[in-house]
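The C-terminal residue of the sequence shown carries number 463 in my numbering, and the numbering is unbroken.
First up is the structure itself, then whatever we jot down about it.
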Amino acid sequence: MSESKKYFSLWILLVCILVFIFQQIIPGFTETFLLTSDAITKPWQFLTSIFLHGSLAHLAYNMFALVFFGLILESMIGSKKFLLLFILSGILANIVSFPFYESSLGASGAIMGVLACVAVLRPMMTVWAFGMIMPMFILAIIWAAGSFLGIFGFGDQGTGYIAHLGGLVIGTLYGFYLRFFRIKRENQEQKGIRVYNFSNKIQIPEEDMRKWEDRFMK
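Here it is as structure tokens:
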């Protein structure tokens, strides 16, 4: 039985909007939950900082990307795997980047993981970006190149380029992990064994069952 779609990308959108409202009305809220150099003694910051944003424009930009690519990926791999990737990309991107910044916040690392995973699973899917239509894998390469150059002083230095690269790497690895199991499943189906939803349920084709019955039951 296939997994029902839970629209976690939209729920994350709602959480980020609510958190941004709290940031505006609750003194000290942002400072408590953003990622700082004290994260070793305050490990929750690796998670909570994902849902914080520095401005309305920062929030709007990230949420547009989240909804666009998130809904696509969620429909491809299921809601649970999508949520796992989002959280994993965000946390690991923060772990990689926090030694390099005094403080940071935002969902960019997690969203980059989503974008990279879509690029691996659907590399030739066309999207509109930077004023033109391009394949998904080209967009991922552009983002990776831009983040890499940003580390060396190109672009807005208020952006966490290291976190972006961390998210892209995690999303790419997760995408290839999913592709490996998809190929493995397709090979099993070609050999006459159908495996559904990576579970332990196995269905033997009816033709093979009849051959077995003819040989051993008559």
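Built from N, CA and C at the ideal position, the CB exists for glycine as well.
Nearest neighbour of Y306, chosen from S353, V260, Y406 and I415 [CA to CA] = As a position in the sequence shown, residue 306 is number 61, starting the count at 1. Looking at the Cα atoms, S353 is the closest of the given residues.
With burial defined as no fewer than 16 other Cβ atoms inside 10 Å of the residue's Cβ, what is the status of S300: buried or exposed?
-> Working through the sequence shown from its first residue, we reach residue 300 at position 55. Per the 10 Å Cβ criterion, exposed.
Based on the DSSP output, what are the partners of A355 in its beta bridges?
-> For the purposes of this step, residue 355 is taken as residue 110 along the sequence shown, with counting starting at 1. Its beta-bridge partners do not exist; DSSP assigns none.
Bounding residues of the alpha helix (DSSP H) (the contiguous stretch that carries W256) | Start at 1 with the first residue of the sequence shown, and residue 256 comes out as number 11. First-last of the alpha helix (DSSP H) with W256: F253 to I270.
Helix, strand or coil: how does DSSP classify S348 here?
-> Here residue 348 is taken as the residue at index 103 of the sequence shown, counted from 1. In this structure, S348 counts as strand in the three-state DSSP scheme.
Could you check the C-alpha separation between N339 and G351 for me, to the nearest Å?
-> By 1-based counting over the sequence shown, the position of residue 339 is 94. By 1-based counting over the sequence shown, the position of residue 351 is 106. So the alpha carbons of these two residues sit roughly 10 Å apart.
Buried or exposed (CB count within 10 angstroms, at least 16 for buried), L259 = Translated into positions along the sequence shown, residue 259 becomes position 14. Exposed.
Verify the CB distance criterion: does V363 have a CB-CB separation below 8 Å to chain D?
-> Here there is only one protein chain, and chain D is not present.
Cβ pair count under 8 Å reaching 3, the stretch 354 to 361 against the stretch 401 to 415 | yes
Best match in T371, Y346, H409 and Y419 for proximity to A284 [C-alpha to C-alpha] = Counting from one through the sequence shown, the residue named residue 284 turns up at place 39. Per the Cα distances, Y346.
C-alpha gap between I468 and T281, whole angstroms | The shown model of the chain, from 246 to 463, leaves out residue 468, and the question about it has no answer.
Out of curiosity, what's the CA-to-CA distance linking K446 and F426?
-> Locating residue 446 in the sequence shown gives position 201, where the first residue counts as 1. Locating residue 426 in the sequence shown gives position 181, where the first residue counts as 1. For K446, the predicted structure reports a pLDDT of 45, less than 50, and the residue's modelled location is therefore unreliable. A value from the coordinates is still provided. Computed Cα separation, rounded: 15 Å.
Status (buried if at least 16 other CB within 10 Å, exposed otherwise) for F421 = Taking the sequence shown and counting its residues from 1, one reaches residue 421 at position 176. Under this definition F421 is an exposed residue.
Neighbour-count burial assignment, E276, 16 or more Cβ in a 10 Å radius = Locating residue 276 in the sequence shown gives position 31, counting from the first residue. E276 should be labelled exposed.
K304 and F331 closer than 8 Å at C-beta = Your numbering for residue 304 matches position 59 in the sequence shown. Your numbering for residue 331 matches position 86 in the sequence shown. Note that residue 304 is Leu in the sequence shown, not Lys. Contact: no.
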